[in-house]
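Numbering (UniProt numbering), first residue to last: 1 to 111. Note that beta-carbon positions come from the ideal geometry of N, C-alpha and C, so glycine has one too.
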């Protein structure tokens, strides 16, 4: 609220306050929600296993379980499949971890 009041004193209208202050402060929240939703959908096992019958449409978690059942004794293939399954989430974290820190430290009133 203090940032919006300071911006209004400097001559910003409501839309400018929203676009230049509220949105940048809220970016980490939106990014966190997007990542949590992505990970939740990525790991959805029960829905994919129960209702999706076409093999091409099944999610990664369901296909991974089927893969480990087929290659249960070949640990090298299972570990490789694990890395492939987890790598998109790790890449997203590496790409956006700086944005989390920037969002937490920016936009505060100094003084």
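Run of the alpha helix (DSSP H) containing residue i, from where it starts to where it stops
i          : result
residue 48 : 46-51
residue 9  : 2-9
For residue i, the three-state DSSP class (helix, strand or coil)
i          : result
residue 40 : helix
residue 87 : helix
residue 59 : coil
residue 69 : helix
residue 17 : helix
residue 32 : helix
residue 54 : coil
Buried versus exposed, by CB contacts within 10 Å (16 or more), residue i
i          : result
residue 60 : buried
residue 50 : exposed
residue 30 : exposed
residue 62 : buried
residue 64 : buried
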